[in-house]
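Residue numbering for the sequence shown follows our numbering, starting at 1148 and increasing by one per position.
By construction, the Cβ of each residue, glycine as well, lies at the ideal position given by its N, Cα and C atoms.
Being a predicted model, the structure only gives us computed values, none of them experimental.
Heads up: the structure comes next, in structure tokens.
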Amino acid sequence: METWAKLFESNGRQVLVTKEYDDEDESHKLSVAIRIEGAQISLGPVIKCEDAEGVLDRVFNAFNQESADNFTQKLVGCETVYEAVKALNSGEDE
């Protein structure tokens, strides 16, 4: 069975991690998504290299509960999309 998605629960949020492929620009992407106020926020690296599919598989397989916890840590206390985007873009690790 091909696994293309993982779902984690962390810091009161669900974190959906998926492998994606864009036919238009022939790129692979690891998507890390959460929902706040019914809106989905999706972030992740776009991978364009000779072995992009292999790199994506390795990054996807390495994403685990600790990764989800680290991702959502900045979102603790955020109740709006604006607060979440601001927290994720702060660049500060606490």
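Per DSSP, the continuous alpha helix (DSSP H) segment holding Ser-1214 begins and ends at 1212–1220. As the crow flies, the alpha-carbon of Lys-1195 is around 15 angstroms from that of Ser-1178.
In terms of Cα proximity to Ile-1181, the closest of Phe-1218, Gly-1224, Ser-1174, Ser-1237 is Phe-1218. Apart from the 5 residues on each side of it in sequence, Ser-1174 sits with its Cβ closer than 8 angstroms to the Cβ of Tyr-1168, Val-1193, Ile-1194, Lys-1195, Ala-1199 in its chain, given in chain order.
When the Cα atoms are used, Asn-1236 and Asp-1172 turn out to be separated by approximately 26 angstroms. Taking the C-beta atoms as reference points, Glu-1156 is found no nearer than 8 angstroms to Val-1228.
The three-state secondary structure of Val-1193, taken from DSSP, is strand. Boundaries of the beta strand (DSSP E) harbouring Glu-1156: 1152–1157, taken from the DSSP string. Contact annotation: Phe-1207 and Val-1162 have beta-carbon atoms that are not nearer than 8 angstroms.
Using a Cβ distance threshold of 8 angstroms, Asn-1158 and Asp-1216 count as a contacting pair.
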